[in-house]
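Chemist: Chain order of the listed sequences is A, B, C and D. According to the working numbering, the first sequence is numbered sequentially starting from 1. According to the working numbering, the second sequence is numbered sequentially starting from 280. According to the working numbering, the third sequence is numbered sequentially starting from 559. According to the working numbering, the fourth sequence is numbered sequentially starting from 838. Glycine is no exception: its CB is placed at the ideal position from the N, C-alpha and C atoms. All of these numbers come straight from a predicted model, not from anything done at the bench.
4 protein chains.
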Amino acid sequence: MCRWMAYTGSPVLVEDLLYVPANSLIVQSLHARLGVEPTNGDGFGFGWYDGDGTGLFRSTEPAWNDRNLRELSGHVRSPLVLAHVRASTGTPVQQTNCHPFRHGRWLWMHNGAITSFRAVKRDLALAVDPELFPDIEGSTDSELFFHLALTFGLEADPPTAVARAVGLIEEVGQRHGVPFPIQMTVATTDGETLWAFRYSSEGRSRSLFHNVDVSTLRAQYPDNPVLHRLADDARLVVSEPLGELQGAWREVPESTCVVVRPGSEELLPFGPSLLQPTS
Amino acid sequence: MCRWMAYTGSPVLVEDLLYVPANSLIVQSLHARLGVEPTNGDGFGFGWYDGDGTGLFRSTEPAWNDRNLRELSGHVRSPLVLAHVRASTGTPVQQTNCHPFRHGRWLWMHNGAITSFRAVKRDLALAVDPELFPDIEGSTDSELFFHLALTFGLEADPPTAVARAVGLIEEVGQRHGVPFPIQMTVATTDGETLWAFRYSSEGRSRSLFHNVDVSTLRAQYPDNPVLHRLADDARLVVSEPLGELQGAWREVPESTCVVVRPGSEELLPFGPSLLQPTS
Amino acid sequence: MCRWMAYTGSPVLVEDLLYVPANSLIVQSLHARLGVEPTNGDGFGFGWYDGDGTGLFRSTEPAWNDRNLRELSGHVRSPLVLAHVRASTGTPVQQTNCHPFRHGRWLWMHNGAITSFRAVKRDLALAVDPELFPDIEGSTDSELFFHLALTFGLEADPPTAVARAVGLIEEVGQRHGVPFPIQMTVATTDGETLWAFRYSSEGRSRSLFHNVDVSTLRAQYPDNPVLHRLADDARLVVSEPLGELQGAWREVPESTCVVVRPGSEELLPFGPSLLQPTS
Amino acid sequence: MCRWMAYTGSPVLVEDLLYVPANSLIVQSLHARLGVEPTNGDGFGFGWYDGDGTGLFRSTEPAWNDRNLRELSGHVRSPLVLAHVRASTGTPVQQTNCHPFRHGRWLWMHNGAITSFRAVKRDLALAVDPELFPDIEGSTDSELFFHLALTFGLEADPPTAVARAVGLIEEVGQRHGVPFPIQMTVATTDGETLWAFRYSSEGRSRSLFHNVDVSTLRAQYPDNPVLHRLADDARLVVSEPLGELQGAWREVPESTCVVVRPGSEELLPFGPSLLQPTS
Chain A
1 MCRWMAYTGS PVLVEDLLYV PANSLIVQSL HARLGVEPTN GDGFGFGWYD GDGTGLFRST
61 EPAWNDRNLR ELSGHVRSPL VLAHVRASTG TPVQQTNCHP FRHGRWLWMH NGAITSFRAV
121 KRDLALAVDP ELFPDIEGST DSELFFHLAL TFGLEADPPT AVARAVGLIE EVGQRHGVPF
181 PIQMTVATTD GETLWAFRYS SEGRSRSLFH NVDVSTLRAQ YPDNPVLHRL ADDARLVVSE
241 PLGELQGAWR EVPESTCVVV RPGSEELLPF GPSLLQPTS
Chain B
280 MCRWMAYTGS PVLVEDLLYV PANSLIVQSL HARLGVEPTN GDGFGFGWYD GDGTGLFRST
340 EPAWNDRNLR ELSGHVRSPL VLAHVRASTG TPVQQTNCHP FRHGRWLWMH NGAITSFRAV
400 KRDLALAVDP ELFPDIEGST DSELFFHLAL TFGLEADPPT AVARAVGLIE EVGQRHGVPF
460 PIQMTVATTD GETLWAFRYS SEGRSRSLFH NVDVSTLRAQ YPDNPVLHRL ADDARLVVSE
520 PLGELQGAWR EVPESTCVVV RPGSEELLPF GPSLLQPTS
Chain C
559 MCRWMAYTGS PVLVEDLLYV PANSLIVQSL HARLGVEPTN GDGFGFGWYD GDGTGLFRST
619 EPAWNDRNLR ELSGHVRSPL VLAHVRASTG TPVQQTNCHP FRHGRWLWMH NGAITSFRAV
679 KRDLALAVDP ELFPDIEGST DSELFFHLAL TFGLEADPPT AVARAVGLIE EVGQRHGVPF
739 PIQMTVATTD GETLWAFRYS SEGRSRSLFH NVDVSTLRAQ YPDNPVLHRL ADDARLVVSE
799 PLGELQGAWR EVPESTCVVV RPGSEELLPF GPSLLQPTS
Chain D
838 MCRWMAYTGS PVLVEDLLYV PANSLIVQSL HARLGVEPTN GDGFGFGWYD GDGTGLFRST
898 EPAWNDRNLR ELSGHVRSPL VLAHVRASTG TPVQQTNCHP FRHGRWLWMH NGAITSFRAV
958 KRDLALAVDP ELFPDIEGST DSELFFHLAL TFGLEADPPT AVARAVGLIE EVGQRHGVPF
1018 PIQMTVATTD GETLWAFRYS SEGRSRSLFH NVDVSTLRAQ YPDNPVLHRL ADDARLVVSE
1078 PLGELQGAWR EVPESTCVVV RPGSEELLPF GPSLLQPTS
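If you want it as structure tokens, here you go:
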């Protein structure tokens, strides 16, 4: 299990996202409240966008005491940030297994798991575009899932590509007798739009929330300092709420894709797209 | 806050100490039950004795997923083992800040803190024997405490030396207006005898336990497999019980020094020894 | 490029192999003499055998200043040791990319490269036994090569299995237009016998040496202390000589497999075994 | 031994300093040409200034394969950068021993050593301002030297403060019978001015160079791409030349302090300032 957060809106200092909120992602690295596993100490990462392209900083240390993370987050400003703290489900703690993963301008991060990954790994790996296959550097289900989504056209149409990747994972899992092949919340972005997905075969998915309009909240809580650091167009999608403000967060429904652009979000139904019609 | 365990008795495989018990130290690295802080993910270490002298393995990774620790613990056998998982109270996560610390044949580990360490650090450092001063490699209160105990004769008379070191810490703390200068459980050994201390200025010390005679337990729980891995002379001193067996653990009383030799233990009253009589 | 050494004979302290010789593997981690690249600072590892099975210690730090390596090598004794220092040829510096690799009782290490690995990686991965495929944890050519050898029966007949794996690599490389698909020295063992291979498609292989009988050397150099630490049955196969003793080392010829058992060695011709007869 | 570079001038991308030059600092981390020791693989660090204050990124990995360094250097732009690759002279490889060191807005880095550091460490530590003493986090001579300079007024008058710190090191060394107590090139800055020092007790100091006016060079080498990335006001002080351009670098003379401000530099004689007149 892992925890993640994605931000899009006016440029912010990463520190204001990662350290300032009461239940920030750094706090969640030690004490997640809603997760299966309270500790997410098996590495972390964050990705961002600026005039020099896509930046990525990943490390195998626990996030809570990492000095370089503390330091960099006080200097990096970006209108779009993905951040992740990891709890390994068995794969090694190494930088290439830390999220977000990157391909060109695209970033990807995942909470959850492909069930019985050892059993299905080879079949899924064979489905990856041979051109993309050697780009897989780590050993996680999450990175392989990303490369399946890329194979199915993530860069052209993310909801469709993810639906087809999930469809394949469902099919391969069923072929291997896995009752619930996938459990996922995913965030992916090209640096402009953010797509977040909540889905699981079982219909009991990992938690996911997005924020209510900041200007509404600010009217409601005029004294809250965190809200004054955020612009009106700030949009956050998070594994769990970053604080206790009543009414600040809405749960993303099961089987949903949230499409976020600066100042707007749209919720679409999401489900696996089966590749081969079952005759 | 940290968690530790010390073993003396017939040689055991370190794995049987660190991984097999239900509430083993590795489990405590993720989920300590009795501590101030449930996660002890800021490094770990273990020290042991064999025909080649004192061995030491320390690392800054969390213990729970460290493969080298898993591996080595399956190959190292020793009649005396000290092991520690760390939760930093502010000092950097680095190997030289991991316990146990070593001097010649002696090992030392500590749970707790010298309160307001920044304020008193220099005065305490000046009290260290100038010959020993350059041996201090890290930046923790625990390592400095060890070097104070060495300065006051740890190698000749451990209870007296630790009492004098604690006396100095109390005095220096009071001089700086610190209400409760020290909080400690400590284990130290020369490879033959094990001394464990429980003390705090406040009289509310970190938890410490030692095991009840193994043969008694085995009679009581004839089906328990862990007990069959331990010889009759096995003696454990631990931050918290390694399992749920009723009657298996006794709390070490406040202000006590436990002296453990193979097959025997002795409890002595312990308190700070003031260096300068207050006139 | 990397450097490695393999030892078989009477049990030795690993320290005597890794640190004592004038041009020890630790020295070679900083200043290899015969290699393409003098620095081998991208991780290291060693594997050994004792009553508890196969042990493995691997780390991403440079070997020359690693304290845990220094420490462990002073406590581990074994009749069969494989040790490796790594210079990455592009794949990430992570523990799962450090040699030796292990499968059951078998260890494997490699110096050299599968040429144009990105181009041929997928085809080679598909040739790995599906049962073994999910065991591949890292991203190196060397680990994949090991799993090919396992696929082709390494555990039953090492020279034949390695010859078939090399044959496949040659064929796949040629299919992708790679002029010289492989460059290799390899050591592998089941804990009793050691097989070492020297081969390259180009016929200009990485250096490899084995030692001359120790008793002969001891007669020749009665004052050499290193020789007195080694028993008569000591056999070493190394990337480069561990010292300057004239007459102590023999080069392993090109296209050769050396089979070493305690006190004996045998040199066999080695070359790729083509899987499909070219008609 | 270590290698370092300091830049001041129009804001540059750190990548252009660290990776682009033919003999860049990253190249020197593997193959320094002029140093006592060609490999500087025991950690690295760089510090910079931007609108958010002083940034610092330090790591214990070798610089040559560090992905986070590669990544960050492609996103950080600064008018003043200090960068350092380390070869430990015995103190542990840990982040708190990596350069640059920081105090408030000040950065400090050092190549060389305080000779017989174990012997003189305590006397020097006692001379540090008690307020600053607990800020010392690592165990290097370089960090202690920095805190001595701060004690002697670095923030008010750097050349005088460094001269007094060096004077103390000379005196303490002589008192302990050390023939040549110090060997140093040092760079320090408050974010606006850069001070670089070259000095050694022996009068045979580590190498140090500064660049010739860029516009002159550009006229001389109109086709050199590196020169076109640098503005006319670019000033570099480096352990060794970053390339082969004839006439591009001037050696800093022995016993000299170079004071660099954007577009200008001044060379001052430098020597130890004795604290107590010898009667």
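Measure how close the beta-carbons of residue 754 of chain C and residue 810 of chain C come, nearest whole angstrom, since I'm counting them as under 8 Å.
Modeler: Within the third sequence, the letter at position 196 stands for residue 754 of chain C. Within the third sequence, the letter at position 252 stands for residue 810 of chain C. Going by Cβ atoms, the distance from residue 754 of chain C to residue 810 of chain C rounds to 7 Å, so yes, they are a contact pair.
Chemist: Over what stretch of residues does the beta strand (DSSP E) that includes residue 570 of chain C continue unbroken?
Modeler: Here residue 570 of chain C corresponds to residue number 12 of the third sequence, with the count starting at 1. Here the beta strand (DSSP E) through residue 570 of chain C covers 560-571.
Chemist: For residue 330 of chain B and residue 120 of chain A, what's the separation of their Cα atoms in angstroms?
Modeler: Residue mapping note: residue 330 of chain B aligns to position 51 of the second sequence, counting from 1. Residue mapping note: residue 120 of chain A aligns to position 120 of the first sequence, counting from 1. Near 48 Å, if we compare the C-alpha coordinates of residue 120 of chain A and residue 330 of chain B.
Chemist: State the start and end residues of the unbroken beta strand (DSSP E) segment that holds residue 329 of chain B.
Modeler: Sequence index remark: in the second sequence, residue 329 of chain B carries index 50 (1-based). Segment 323-329, the beta strand (DSSP E) holding residue 329 of chain B.
Chemist: Enumerate in chain order the residues of its own chain whose CB-to-CB distance from residue 550 of chain B is below 6 Å, with the five nearest sequence positions on each side excluded.
Modeler: Indexing the second sequence from 1 puts residue 550 of chain B at position 271. Cβ neighbours of residue 550 of chain B beyond the five flanking positions: 534.
Chemist: Pull up the CB-CB distance for residue 1055 of chain D and residue 1064 of chain D, whole angstroms please, since I reckon it's below 8 Å.
Modeler: Start at 1 with the first residue of the fourth sequence, and residue 1055 of chain D comes out as number 218. Start at 1 with the first residue of the fourth sequence, and residue 1064 of chain D comes out as number 227. That belief holds up - the Cβ atoms of residue 1055 of chain D and residue 1064 of chain D are roughly 5 Å apart, short of 8 Å.
Chemist: Using the C-alpha atoms, what's the distance from residue 428 of chain B back to residue 407 of chain B?
Modeler: As a working note, residue 407 of chain B is residue 128 in the second sequence. As a working note, residue 428 of chain B is residue 149 in the second sequence. One C-alpha to the other measures close to 9 Å.
Chemist: Hey, would you say residue 564 of chain C sits closer than 7 Å to residue 795 of chain C, going by beta carbons?
Modeler: Looking up residue 564 of chain C in the third sequence gives position 6. Looking up residue 795 of chain C in the third sequence gives position 237. Going by C-beta atoms, residue 564 of chain C is nearer than 7 Å to residue 795 of chain C.
Chemist: Between residue 741 of chain C and residue 764 of chain C, how many whole angstroms is the CB-CB distance? I'm expecting something under 8 Å.
Modeler: In the third sequence, counting from the first residue as 1, residue 741 of chain C sits at position 183. In the third sequence, counting from the first residue as 1, residue 764 of chain C sits at position 206. At roughly 6 Å, the Cβ-Cβ gap stays under 8 Å, so residue 741 of chain C and residue 764 of chain C are in contact.
Chemist: Is there at least one Cβ from chain A nearer than 7 Å to residue 654 of chain C's Cβ?
Modeler: What you label residue 654 of chain C is simply residue 96 of the third sequence in a count that begins at 1. Output row for residue 654 of chain C: interface = yes.
Chemist: Might you give, ordered along the chain, the residues of its own chain that have their beta carbon closer than 6 Å to the beta carbon of residue 45 of chain A, omitting 5 neighbours on each side?
Modeler: Here residue 45 of chain A corresponds to residue number 45 of the first sequence, with the count starting at 1. Hits under 6 Å: 58, 84, 98, 99, 100.
Chemist: Which bits of chain B does residue 617 of chain C rub up against, with CB to CB less than 8 Å?
Modeler: Residue mapping note: residue 617 of chain C aligns to position 59 of the third sequence, counting from 1. Within 8 Å Cβ-Cβ: 347.
Chemist: Taking all protein chains shown into account, do 16 or more other C-beta atoms lie within 10 angstroms of the C-beta of residue 401 of chain B, making it buried, or fewer, making it exposed?
Modeler: Indexing the second sequence from 1 puts residue 401 of chain B at position 122. Classification of residue 401 of chain B: buried, given that the 10 Å Cβ count is 16 or more.
Chemist: Going by DSSP, name the residue or residues bridged to residue 813 of chain C.
Modeler: Here residue 813 of chain C is taken as the residue at index 255 of the third sequence, counted from 1. DSSP output for residue 813 of chain C lists no bridge partner at all.
Chemist: Name, in chain order, the residues that DSSP records as bridge partners for residue 543 of chain B.
Modeler: Taking the second sequence and counting its residues from 1, the one referred to as residue 543 of chain B is at position 264. Answer is B:540, bridged to residue 543 of chain B.
Chemist: Using a 10 Å radius around the Cβ and a threshold of 16 neighbouring Cβ atoms, would you call residue 1105 of chain D buried or exposed?
Modeler: Your numbering for residue 1105 of chain D matches position 268 in the fourth sequence. Exposed, by the Cβ-count rule.
Chemist: Would you mind listing the alpha helix (DSSP H) stretches within the region 757-819 of chain C that are 4+ residues and don't spill past its ends, in chain order?
Modeler: Taking only runs of at least 4 residues, the alpha helix (DSSP H) segments lying wholly in the region 757-819 of chain C are 772-778, 783-787.
Chemist: Along the chain, where does the alpha helix (DSSP H) that runs through residue 959 of chain D open and close?
Modeler: Your numbering for residue 959 of chain D matches position 122 in the fourth sequence. Segment 954-964, the alpha helix (DSSP H) holding residue 959 of chain D.
Chemist: With 16 other CB atoms within 10 Å as the buried threshold, where does residue 1115 of chain D fall?
Modeler: In the fourth sequence, the residue the question calls residue 1115 of chain D occupies position 278. For residue 1115 of chain D, the predicted structure reports a pLDDT of 49, less than 50, and the residue's modelled location is therefore unreliable. A value from the coordinates is still provided. Its Cβ having fewer than 16 others within 10 Å, residue 1115 of chain D is exposed.
Chemist: With 7 Å as the C-beta to C-beta threshold (strictly closer), list the residues of the region 874-894 of chain D near chain A in chain order.
Modeler: So the list reads 887, 889, 892, 893, 894, given in the order they occur along the chain.
Chemist: Specify, as a first and last residue, the run of the beta strand (DSSP E) that residue 973 of chain D falls within.
Modeler: Position 136 of the fourth sequence, counted from the first residue, corresponds to residue 973 of chain D. Neither: residue 973 of chain D is in no beta strand (DSSP E) and is coded neither H nor E.
Chemist: Does the CB of residue 354 of chain B have a neighbour CB from chain C at under 7 Å?
Modeler: Position 75 of the second sequence, counted from the first residue, corresponds to residue 354 of chain B. Residue 354 of chain B counts as touching chain C.
Chemist: To the nearest angstrom, how far is the alpha carbon of residue 633 of chain C from that of residue 351 of chain B?
Modeler: For this step, residue 633 of chain C is matched to residue 75 along the third sequence. For this step, residue 351 of chain B is matched to residue 72 along the second sequence. Roughly 11 Å separates the two Cα atoms.
Chemist: Taking C-beta pairs closer than 8 Å, name the residues in chain C that residue 126 of chain A reaches, listed in chain order.
Modeler: Looking up residue 126 of chain A in the first sequence gives position 126. Chain C residues near residue 126 of chain A: 684.
Chemist: Cβ closer than 8 Å: which chain D residues qualify as neighbours of residue 72 of chain A?
Modeler: To locate residue 72 of chain A, count along the first sequence from 1; it is residue 72. Those are 892, 894, 909, listed as they occur along chain D.
Chemist: Quick one: Cα of residue 107 of chain A to Cα of residue 190 of chain A, how far?
Modeler: As a working note, residue 107 of chain A is residue 107 in the first sequence. As a working note, residue 190 of chain A is residue 190 in the first sequence. Spanning the two alpha carbons is a distance of roughly 7 Å.
Chemist: Hey, does residue 341 of chain B have any beta-carbon neighbour from chain A nearer than 7 Å?
Modeler: What you label residue 341 of chain B is simply residue 62 of the second sequence in a count that begins at 1. True, the Cβ-Cβ gap to chain A drops below 7 Å.
Chemist: Spell out whether any CB of chain B is found under 7 Å from the CB atom of residue 929 of chain D.
Modeler: Residue mapping note: residue 929 of chain D aligns to position 92 of the fourth sequence, counting from 1. By this cut-off, residue 929 of chain D is an interface position.
Chemist: Mind pulling the chain C residues with CB within less than 7 Å of residue 902 of chain D?
Modeler: What you label residue 902 of chain D is simply residue 65 of the fourth sequence in a count that begins at 1. Neighbours of residue 902 of chain D on chain C, chain order: 600, 646, 651.
Chemist: Any beta carbon of chain B sitting closer than 7 Å to that of residue 967 of chain D?
Modeler: For the purposes of this step, residue 967 of chain D is taken as the residue at position 130 of the fourth sequence. Yes, because at least one Cβ of chain B sits closer than 7 Å to the Cβ of residue 967 of chain D.
Chemist: Which residue's Cα is closest to the Cα of residue 523 of chain B: B:292, B:436, B:312?
Modeler: The sequence position of residue 523 of chain B within the second sequence is 244, counting from 1. Of the candidates B:292, B:436, B:312, the one whose C-alpha sits nearest the C-alpha of residue 523 of chain B is B:312.
Chemist: Would the beta-carbon of residue 978 of chain D fall within 7 Å of that of residue 924 of chain D?
Modeler: On the fourth sequence, position 141 is the one that residue 978 of chain D refers to. On the fourth sequence, position 87 is the one that residue 924 of chain D refers to. Taking 7 Å as the Cβ cut-off, residue 978 of chain D and residue 924 of chain D do not qualify as a contacting pair.
Chemist: Considering residue 905 of chain D, what are the terminal residues of the alpha helix (DSSP H) in which it resides?
Modeler: The residue given as residue 905 of chain D occupies position 68 in the fourth sequence. First-last of the alpha helix (DSSP H) with residue 905 of chain D: 904-910.
Chemist: Which value, in whole angstroms, describes the spacing of the CA atoms of residue 695 of chain C and residue 654 of chain C?
Modeler: Residue 695 of chain C sits at position 137 when you count from the first residue of the third sequence. Residue 654 of chain C sits at position 96 when you count from the first residue of the third sequence. Rounded to whole angstroms, residue 695 of chain C to residue 654 of chain C spans 6 Å at the Cα level.
Chemist: Measure from the C-beta of residue 974 of chain D to each C-beta in chain B and report whether the shortest distance is under 7 Å.
Modeler: To locate residue 974 of chain D, count along the fourth sequence from 1; it is residue 137. Yes, because at least one Cβ of chain B sits closer than 7 Å to the Cβ of residue 974 of chain D.
Chemist: Using a Cβ-Cβ cut-off of 7 Å, state whether residue 134 of chain A counts as contacting chain C.
Modeler: Along the first sequence, read from residue 1 onward, the residue named residue 134 of chain A stands at position 134. It does: the Cβ of residue 134 of chain A has a partner Cβ on chain C nearer than 7 Å.
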